[in-house]
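Engineer:
2 protein chains.
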Amino acid sequence: MNDDTMRPRGRPRGKPTTNPADRILDAAAESFATHGSRGASMRVIADAAGMRAPSIYNHFASKDELLIAVGKRYFAALVPQLQAASRMPGTGVVRLENLIRAATTVSMTHPFDHLTMVRELMQVRREPGAESLVADGQRCIAIWHMVIRRGQADGSLRGDVSPAGMTWLIFTAITALADPGRRADILGDPATRNVDTLCTVLIDGARPVSR
Amino acid sequence: MNDDTMRPRGRPRGKPTTNPADRILDAAAESFATHGSRGASMRVIADAAGMRAPSIYNHFASKDELLIAVGKRYFAALVPQLQAASRMPGTGVVRLENLIRAATTVSMTHPFDHLTMVRELMQVRREPGAESLVADGQRCIAIWHMVIRRGQADGSLRGDVSPAGMTWLIFTAITALADPGRRADILGDPATRNVDTLCTVLIDGARPVSR
DNA sequence: GTCTATAGGTAGATAGAC
DNA sequence: GTCTATCTACCTATAGAC
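Taken in sequence, the protein lines are chains A and B. The opening position of the first sequence corresponds to residue 115 in my numbering, with each subsequent residue numbered one higher. The opening position of the second sequence corresponds to residue 115 in my numbering, with each subsequent residue numbered one higher.
#1: Three-state secondary structure (DSSP) at ARG152(A)?
#2: By how many angstroms is the C-alpha of MET202(B) removed from the C-alpha of TRP282(B)?
#3: If you compare alpha carbons, which of MET236(B), VAL261(B), MET231(B), SER151(B) is closest to GLY204(B)?
#4: Here's a check: name, in chain order, each residue in its chain whose Cβ is nearer than 6 angstroms to the Cβ of GLY330(B), leaving out the five neighbours to either side.
#5: Which value, in whole angstroms, describes the spacing of the CA atoms of ARG321(A) and GLY185(B)?
#6: Can you tell me whether VAL309(A) is buried or exposed? The criterion is at least 16 other CB atoms within 10 Å of its CB, across all chains shown.
#7: Starting from SER200(B), trace the alpha helix (DSSP H) in both directions and tell me its first and last residue.
#8: Might you give, ordered along the chain, the residues of its own chain that have their beta carbon closer than 7 angstroms to the beta carbon of HIS149(B), omitting 5 neighbours on each side?
#9: Leaving out five residues before and five after LEU312(A) in sequence, what residues of the same chain have Cβ atoms less than 7 angstroms from its Cβ?
#10: Please decide whether ASP104(B) counts as near chain A, where near means a Cβ-Cβ distance under 7 angstroms.
#11: Tell me, please, whether the CB atom of ASN212(A) is closer than 7 angstroms to any CB atom in chain B?
#12: In this structure, does DSSP put PRO322(A) in helix, strand or coil?
#13: Looking only at its own chain, which residues have a Cβ that is under 6 angstroms from the Cβ of ARG272(A), when we skip the five neighbours before and after it?
#14: Whose C-beta lies closer than 7 angstroms to the C-beta of VAL193(B) among residues of the same chain, with five residues either side of it excluded?
#15: Measure the CB-CB distance between SER151(A) and GLU234(A) and report whether it falls below 7 angstroms.
#16: From VAL315(A) to PHE189(A), what distance separates their C-alpha atoms?
#17: Can you give the beta carbon distance from MET222(A) to ALA135(A), rounded, assuming they're within the 8 angstroms contact cut?
#18: Keeping to the same chain, check which residues put their C-beta closer than 6 angstroms to that of PHE146(A); ignore five residues upstream and five downstream.
#19: Looking at chain A, is there any beta carbon in it that lies within less than 7 angstroms of the beta carbon of ASP318(B)?
#20: With H, G and I counted as helix, E and B as strand and the rest as coil, what does DSSP make of PHE174(B)?
#21: With distances taken Cα to Cα, identify the nearest neighbour of LEU247(B) among VAL207(B), GLN195(B), GLU179(B), ASN172(B).
#22: Assign VAL315(B) to one of three DSSP states: helix, strand, or coil.
#23: Let's see if you can read the secondary structure: which residues bound the alpha helix (DSSP H) around THR230(A)?
#24: From GLN195(A) to MET280(B), what distance separates their C-alpha atoms?
#25: Quick one: grab the DSSP three-state call for GLY269(A).
#26: Could you tell me how far apart the beta carbons of GLN197(B) and ILE284(B) are, in whole angstroms, since I believe they sit closer than 8 angstroms?
#27: Please check if any C-beta of chain A sits within less than 7 angstroms of the C-beta of GLY279(B).
#28: Quick one: give me the first and last residue of the alpha helix (DSSP H) that PRO203(B) is part of.
#29: Could you tell me whether the Cβ of HIS228(A) comes closer than 7 angstroms to any Cβ of chain B?
#30: Could you check what DSSP says for ARG215(B) in three-state terms: helix, strand or coil?
#31: In terms of residue numbering, what span does the alpha helix (DSSP H) encompassing ALA278(B) cover?
#32: In chain A, which residues lie less than 9 angstroms from VAL207(B) when you measure between Cβ atoms?
#33: Along chain B, which residues have their Cβ under 9 angstroms away from the Cβ of ARG272(A)?
#34: In chain B, what lies closer than 7 angstroms to ARG152(A) by C-beta?
#35: Tell me whether ASP274(B) sits in a helix, a strand or coil according to DSSP, three-state version.
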C-alpha cells in the first residue's frame with residue numbers, strides 16, 4: 115500500500131501567495147458569474163481556490179453567505195469611487211462622463227463581482243445579511259440620479275430624458291462591458307474602445323457633430 | 115383507500131389553450147432567464163407548463179435541447195423583422211431607428227427568449243445542434259453593421275464610432291429593456307418610455323439639442 | 001484550518017403502466 | 001402522450017481525524 119494515499123499529495127491547484135478567503139472569493143465570483151449561483155458548485159469553487167470543498171466552510175458559513183460576500187466586496191470597491199467622481203468639479207455633462215469612467219474602471223477591474231451582483235442581486239436581496247447590499251445599490255443609484263439631475267439643471271444635459279432612464283441605460287452598458295463573453299466573442303471589439311463608444315454616443319449621439 | 119390517489123387529480127396548473135410544446139418553451143424561457151440554465155429545473159418548468167417533468171421528454175430530448183429550442187424560436191422571430199426593417203427606404207439614421215424599434219419590439223414581445231439567449235448563448239454555442247444559433251447571431255450582427263456603415267457613408271451617422279461599437283451599445287440597451295426585473299424593480303420607469311429614451315439618447319445624445 | 005468520509009437532499013433522465 | 005416510480009449522479013453541508 116502506498117503511503118501517499120493517506121497524506122495530501124502535491125497538487126498545484128492554488129495560488130498560495132494570496133490568503134485563502136480572497137482566493138475563495140475570486141473563484142466564487144467567477145463561478146457565480148459564469149454559471150449562475152445555482153450552477154456554481156462548492157467543489158468547483160474549491161478546486162479553483164486550491165482546496166477541498168469542506169475547507170470553504172472554515173471561511174464562509176454557506177454558499178449564500180459566499181454570494182453575499184462577493185457582493186459586499188464589489189460595493190466596497192465601487193461606492194467610494196462613485197462618491198469621489200460625483201464630487202469632482204465641472205458641469206453636469208463632465209461629471210457624468212467622470213462617473214461613467216469611474217464605474218467602468220471598477221467593474222472591469224472586478225468583472226465577475228459585477229456580473230455576480232447583476233445576475234443574483236434579485237435572488238439574495240431578501241436573505242438575512244443582504245440588507246447592506248440593497249442599501250449600497252440604492253446609494254449608487256442615488257449618486258447617478260443626482261449627477262444627471264444637476265446636469266439637467268445647469269443645462270449641460272437634456273431635460274427630456276428621465277435620470278432613471280439614463281442611469282438604466284448606462285448601467286446596462288457597463289454590465290455588457292464587464293462580460294468577457296459578450297465583449298470579445300460576440301462583437302469582437304476591444305473593451306477600451308467600447309468605453310469610448312459608450313461615452314461618445316451617450317453624450318453626443320449617433321448623428322455627426324455639428325454644434 | 116381513496117380512488118383519487120391512483121388517478122390524475124384536477125390541477126389547474128396549465129393553459130390548455132396552447133399546445134404542449136409552446137407551453138413548455140414559454141415556461142423554460144422564463145425559468146432559464148430568471149434562474150439561469152443550471153438553476154432552472156425540469157420539474158419547475160413542467161409545473162409551469164401544466165404537466166409532470168417526464169412529459170417534457172416527449173417533446174424535447176434533453177434540457178440542453180430545450181435551451182437550444184428557446185434560442186431557435188427567438189431568432190425565428192427576430193431575423194425576419196430585422197431583415198424587413200433593414201430594407202425600408204430612408205437615410206442611414208432613419209433606417210437605424212427603424213432597426214432599433216423593430217429589434218426592441220421583438221425582444222419585448224419575447225423578453226425571456228431574448229434574456230435566455232444573451233445569458234446562455236456562450237454556454238450552448240459549442241453543443242451539437244446549436245450551429246444555427248451561432249449563424250443566426252452573426253446574421254443579425256451583419257445587418258446592424260450594414261445599416262450603420264451605410265448611414266456613415268451617406269453622412270447621416272457619425273463616422274468616428276465603429277459599427278461594432280454602436281451595435282454593441284444598442285444591443286445592450288435592448289437587453290436591459292427586455293429584463294422585467296431590472297426595468298420595474300430597480301429603476302421603476304415605464305417600458306414604453308424607455309424605448310423612446312433609448313432612441314432619443316442613442317441618436318441625439320445626452321446633450322441638449324441645438325442643431 | 002485542512003482533509004476524508006458521508007449524510008441527506010435534489011437534479012436530469014429512463015422504464016413501463018395506462 | 002401523460003403519468004408514477006425509480007435510477008444514478010451530483011449537490012450542500014456536517015462530523016471528526018490530524
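We put the CB at the ideal spot given by N, CA and C, even for glycine. Computed from a predicted model, the values in this text were never measured in an experiment.
Structural biologist: Concretely, from the data shown:
#1: helix
#2: 22 angstroms
#3: VAL261(B)
#4: With chain B running from 115 to 325 in the structure shown, residue 330(B) is simply not present.
#5: 33 angstroms
#6: buried
#7: 177-200
#8: none
#9: ILE214, ALA287
#10: Past the edges of chain B, shown from 115 to 325, lies residue 104(B), and the structure says nothing about it.
#11: no
#12: coil
#13: none
#14: ASP250, ARG253, CYS254
#15: yes
#16: 27 angstroms
#17: Actually they are not in contact, since the Cβ atoms of MET222(A) and ALA135(A) sit about 23 angstroms apart, beyond 8 angstroms.
#18: ALA154, THR230
#19: yes
#20: coil
#21: GLU179(B)
#22: helix
#23: 225-238
#24: 27 angstroms
#25: coil
#26: Actually they do not touch by this definition, with Cβ atoms about 17 angstroms apart.
#27: yes
#28: Segment: none, PRO203(B) is in no alpha helix (DSSP H) and carries neither H nor E.
#29: no
#30: helix
#31: 277-292
#32: ALA320, ARG321
#33: THR314, VAL315, ASP318, GLY319, ALA320, ARG321, PRO322, VAL323
#34: HIS149, GLY150, ARG152, GLY153
#35: coil
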